[in-house]
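Reviewing the structure listed below.
Residue numbers (this note's numbering): 2 to 116.
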């Protein structure tokens with residue numbers, strides 16, 4: 002991750018028993034959820050863990066148990082930087098709305114403006 006510090010990711014893996022235990026789908030999913038929660042708590046709502054790959058041990062020795070490590074894949078969204086020529090960058094206009102009631106048009110065109 003370029004955003005979350007390595008100690009935060011390691012702590013998530015330890016708390017979910019991904020480190021030091023047998024790999025299970027549950028511990029992997031819990032780790033991903035904990036990392037995703039960290040992204041949200043730091044304001045990165047579009048970033049998330051997207052997958053995982055089991056990488057076997059590369060020391061060349063035969064092992065009685067399956068040793069290796071898990072590589073978590075993450076999607077970290079970056080905004081385009083505005084360059085001097087203005088190519089590939091444009092402003093994003095955001096409109097914040099508290100609530101839209103279903104079926105309550107009341108002659109107001111706010112709902113269609115959001116679509």
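Built from N, CA and C at the ideal position, the CB exists for glycine as well.
Quick caveat: nothing in here was measured; it's all calculated off a predicted structure.
- Annotated as proximal: residue 73 and residue 53, with beta-carbon spacing under 8 Å.
- Within its own chain, the residues whose Cβ lies closer than 7 Å to the Cβ of residue 76, once the five positions on either side in sequence are excluded, are 48, 49, 51, listed in chain order.
- Cβ-Cβ distances below 7 Å link residue 2 to 10, 75, 77 in the same chain, with the five nearest sequence neighbours on each side left out; the list follows chain order.
- 8 Å or more divides the Cβ of residue 71 from the Cβ of residue 5.
- Within the DSSP secondary-structure output, residue 53 pairs in a beta bridge with 73.
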